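Here is the structure we will look at, set down as structure tokens.
Numbering (this note's numbering), first residue to last: 738 to 935.
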């Protein structure tokens, strides 16, 4: 092997080694930049579906679950709560929820997939305050015709046990119903048949 061939072989090895090291350095330098473009764990958690064990919620009890930074109310409605929905219909702004936001399966009198379960975003549609549960026993505070529901103390909006707003309230729309799935004693908030996999 001549001196020239030795030099060419050494040069070729040096070029290959330099290319490999340079490529590896480029990949290593790009990793932090690519990682910074991915959503953080906190961002993923903020939009991820949330599961709730429904067997722990007693009839008439309100559970508050956080989803996407908002309170979501889950109530196991009693027979009396369901009956009150018919009684208040004439006093509501949008009793059929034509102008309000809810999935197709919740576009009914109960605004739910199954009448027993109310799943509702606990955010007033007026200015974003969080209404409070006021049972039928709160007639002294809410008025003689009060059959139970929710009251927003900020500006006085009232909602029934389906989140439908009463007339004369500043809230223009019914409370929003998030997408959800009910299956075998479990509730998944943030995912339903229409949104699953999207």
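Note that the Cβ used here is the ideal one computed from N, Cα and C, for glycine as well.
All values derive from a computational prediction rather than experimental measurement.
From the options, pick the residue whose C-alpha is nearest to that of residue i; which is it?
i, options, result
"residue 813", "895, 891, 857", "857"
"residue 818", "829, 801, 808, 847", "847"
"residue 806", "787, 905, 823", "787"
"residue 696", "926, 919, 925, 868", "As shown, the chain starts at 738 and ends at 935. That puts residue 696 outside it, with no answer to give."
"residue 896", "829, 851, 747, 757", "829"
Just how far apart, CA to CA, sit residue i and residue j?
i, j, result
"residue 804", "residue 894", "23 Å"
"residue 892", "residue 762", "60 Å"
"residue 781", "residue 880", "In this prediction, residue 781 has a pLDDT of 47, which is less than 50 and means its spatial position is unreliable; nothing more can be read from the coordinates."
"residue 876", "residue 884", "8 Å"
"residue 921", "residue 874", "32 Å"
"residue 816", "residue 843", "18 Å"
"residue 837", "residue 824", "20 Å"
"residue 749", "residue 755", "10 Å"
"residue 871", "residue 908", "17 Å"
Closest Cβ-Cβ distance between residue i and chain D: below 8 Å?
i, result
"residue 789", "The question asks about chain D, but that chain is absent: this structure has only one protein chain."
What is the C-beta distance between residue i and residue j, in whole angstroms, given that I count them as a contact (C-beta under 8 Å)?
i, j, result
"residue 854", "residue 811", "7 Å"
"residue 936", "residue 840", "Because the chain spans 738 through 935 in this model, residue 936 falls outside it and cannot be assessed."
"residue 791", "residue 923", "6 Å"
What three-state label does DSSP hand residue i in the structure shown?
i, result
"residue 937", "Given a span of 738 to 935 for the chain in the structure shown, any question on residue 937 remains unanswerable."
"residue 925", "strand"
"residue 762", "helix"
Report task. Could you say if the region 861-877 and the region 905-913 meet the contact criterion of at least three C-beta pairs nearer than 8 Å? Result -> yes
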